[in-house]
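Protein chains in written order, with my numbering: chain A, 1108 to 1444; chain B, 5 to 448.
One structure is given below, encoded as structure tokens.
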């Protein structure tokens, strides 16, 4: 590979990124900047380069970079081309990505693994998707490996919890705080089936990372996990979730908190759930509030028995609520890759 | 932001913007009321008398297009690019989606850095490199040079021979008249003489526009002049008009390092550095719709009266010829917009039909759309129309279309554009080529 070819590849790839990001405005800015600063040679050379290589779009620019067969520039150029044509020609996009995973490019190869995995997952090819995600995880790429870990963790959470747990651990270890929080949450889900104490720690870790999307979810899951085991800590978890103003889960947490605090202390929280909750929270909250009011106004064994019945019914519903909650979990920002 | 009157360097139509709030009652009387071409012309004549400096300045830009080979060459080839871009974009149905980059459009605005690095010494940079130390820096483009030349020409034509070389009078004039003095100031500093700068700058700039890279040539000629300053005392002591451009041409031949024979390039973006000649380009089969006929007429006039040959280099000493030129070589097309608060704009177009090669309304329609789509040679505030509720107003693809009806529903821009597009499609299909010359790959 001659240095001239490397220079062509580098320039074409850079141009592709400019056009990819800002379109023609990116190039206009280049010209305006030169007008301002007296560096006319720069945009002129860019324009001559475009003319020489017949570049009219970001795709053309990446294609020029790829055509040089530079080991440094061809793989990222192919990935960029795949992303550009993905909507119109998915088969060709996947063909390009397959070529990239056969290279050993530090950046492009992990990304190609991840993109292929997502595509295979969307096609229902779970085993192949898993292999691709594992390829991305094995790259140890600081951004892509945790993302892949997170995605494969949620993909396998029901069918292969052991692998899912490993994947979540990778994501938790390598990811940024947001990814780690999601991974800890996923880990908690997997571990609940085997070890409640380990699951509790995972949920607590997810909550402590204080991600505004993940922390309320983690506190709700933690609270439900603790209801039959440690009601005091469950109350604490629900209270923290209920106190986050603006959180969509605050009213739901207020309902759980009100129920657990019982007649008197719980009334205020049930009132919040009724005021700010969804229809189902409002209905449930009103029913409990009526039971609590009756218990306060007409204390006695009958009223106490009614409260206990309602509490048992509440606990019986927790698994269903957890399932519903799990269905709302998202892996993260789809454009994160 | 108010738009300045201007002559664009591609189509070479002159746009005159008049702020209706500052015109005389006589002008106002003519332009208010129902549209009427005769009254508009009367208003224009009255306005002409009250702002002769603006009218001369913009007329001088038009003469630059007729007389300076680079400017003519650029206009000729870039307008061919406009036609090509229009043809290429024509396949996209909705004109409001036209978005293109024409790098060649930027060429005259692309600037270089000039550094005054030591006593009478000047360096050029185009890549951002900066000398270790320097006294002054100027960022200069070909358009900056044209503006600097127009301002000096305007001054010298106004004051006449007695004060044409007087820097003090020039400084006073600049305070009263909007003018481009940045290049003059830099040159005066390098030459260590405002008087020599004032005497030499206009012919110096015009000489440089007889090459394919005027700023590069400007650097060379200025550097040589600065170096020779100590040795030309006797010559400088002679009265004007000196034959500056003859010397500058000799210096260019000796020091410019031209890369090709004269007129050997049609590449607007990165031209071979060479001489350009009017004789060659005005004899070319390509026609510029507004310049070619007038440029040839000026060459013929110069054959009969040699003063026409140098009149725009030293206007103070060619006042008779320039007075006549103001009549004979009035810009081929002038669009005048009187901006009136409340009652809307009054716009009219004046054109010399004998010097035009196409319908000016068609040309302005094409130019409107392309300058807007390309985003260069275009100020987003440039518009002639006041109908803000018109669906075309916001997108402003009609920015230079000069016929503004009372009701926007009656506007001729959309149907004219449609007709041109259909006609062009048919012409291209039938002949396989564009009007205004063969297609050239200029646009993205």
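All C-beta atoms in this analysis are idealised placements derived from N, C-alpha and C, irrespective of residue type, glycine included.
- At a cut-off of 8 Å between C-beta atoms, residue 1146 (chain A) counts as an interface residue with respect to chain B.
- The C-beta of residue 411 (chain B) comes no closer than 8 Å to any C-beta of chain A.
- Judged by beta-carbon spacing, residue 298 (chain B) lies within the 8 Å limit of residue 359 (chain B), meaning their Cβ atoms are closer than that value.
- Linking residue 26 (chain B) to residue 54 (chain B) through their CA atoms gives a straight-line distance of about 11 Å.
- Along the length of the segment 254 to 336 of chain B, whole alpha helix (DSSP H) runs at least 4 residues long occupy 282 to 286, 296 to 308, 311 to 314, 323 to 332, reported in chain order.
- Between residue 1224 (chain A) and residue 1243 (chain A) the beta-carbon gap is near 6 Å, inside 8 Å, which marks them as a contact.
- Contact annotation: residue 50 (chain B) and residue 82 (chain B) have beta-carbon atoms that are not nearer than 8 Å.
- In the three-state reduction of the DSSP assignment, residue 222 (chain B) falls in the helix class, which pools H, G and I.
- DSSP lists B:338 as the bridge partner or partners of residue 354 (chain B).
- Taking the Cα of residue 1260 (chain A) as reference, the smallest distance to any Cα among A:1317, A:1246, A:1124, A:1228 is reached at A:1228.
- For a Cβ distance threshold of 8 Å, nothing in chain B lies close to residue 1171 (chain A): the least Cβ distance comes to about 14 Å.
- Not a single C-beta of chain B is nearer than 8 Å to the C-beta of residue 1156 (chain A).
- Across the structure, residue 1173 (chain A) and residue 1239 (chain A) are spaced so that their CA atoms are roughly 23 Å apart.
- Between the alpha carbons of residue 178 (chain B) and residue 1154 (chain A) lies a gap of roughly 38 Å.
- Each of B:391, B:396, B:424, B:333 was checked against the Cα of residue 368 (chain B), and the nearest Cα belongs to B:424.
- Within chain A, the residues whose beta carbon sits less than 7 Å from that of residue 105 (chain B) are 1131, 1134, 1135, listed in sequence order.
- Apart from the 5 residues on each side of it in sequence, residue 376 (chain B) sits with its Cβ closer than 7 Å to the Cβ of 382, 400, 401, 403 in its chain, given in chain order.
- Residue 1291 (chain A) sits buried, since 16 or more C-beta atoms from the chains shown fall within 10 Å of its C-beta.
- An exposed status is given to residue 41 (chain B), since fewer than 16 other beta-carbon atoms sit within 10 Å of its beta-carbon.
- Here residue 116 (chain B) carries a strand assignment [DSSP, helix/strand/coil].
- By the neighbour-count definition (other C-beta atoms within 10 Å, threshold 16), residue 372 (chain B) is a buried residue.
- Taking a Cβ-Cβ cut-off of 8 Å, the neighbours of residue 1150 (chain A) in chain B comprise 107, 110, 114, given in sequence order.
- Collapsing the DSSP output to three states places residue 416 (chain B) in coil.
- Residue-level contact by beta carbon holds for residue 1138 (chain A) and chain B, with a gap shorter than 8 Å.
- With a cutoff of 8 Å on beta-carbon distance, residue 252 (chain B) and residue 225 (chain B) are scored as near each other.
- Near chain A, meaning a CB-to-CB distance below 9 Å, the residues of the segment 140 to 165 of chain B are 141, 142, 143, 144, 145.
- Taken through DSSP and simplified to helix, strand or coil, residue 20 (chain B) comes out as strand.
- When beta bridges are read from the DSSP output, residue 127 (chain B) appears opposite B:119.
- Under the 8 Å criterion on CB atoms, residue 129 (chain B) is classed as interfacial with respect to chain A.
- DSSP places residue 192 (chain B) inside the alpha helix (DSSP H), whose first and last residues are 186 to 195.
- When the Cα atoms are used, residue 1352 (chain A) and residue 1420 (chain A) turn out to be separated by approximately 28 Å.
- Per DSSP, residue 38 (chain B) lies in no beta strand (DSSP E) segment and is marked neither H nor E.
- Contact of residue 274 (chain B) with chain A is assigned, a C-beta pair being separated by under 8 Å.
- Remark: fewer than three beta-carbon pairs, one from each stretch, lie closer than 8 Å, so the segment 1425 to 1438 of chain A and the segment 16 to 24 of chain B are not flagged as touching.
- With respect to the 8 Å criterion, residue 1241 (chain A) and residue 1207 (chain A) are not classified as neighbours on the basis of their beta carbons.
- If one requires a minimum length of 4 residues, the alpha helix (DSSP H) runs lying completely within the segment 1267 to 1352 of chain A are 1268 to 1281, 1284 to 1298, 1303 to 1315, 1321 to 1333, 1338 to 1349, in chain order.
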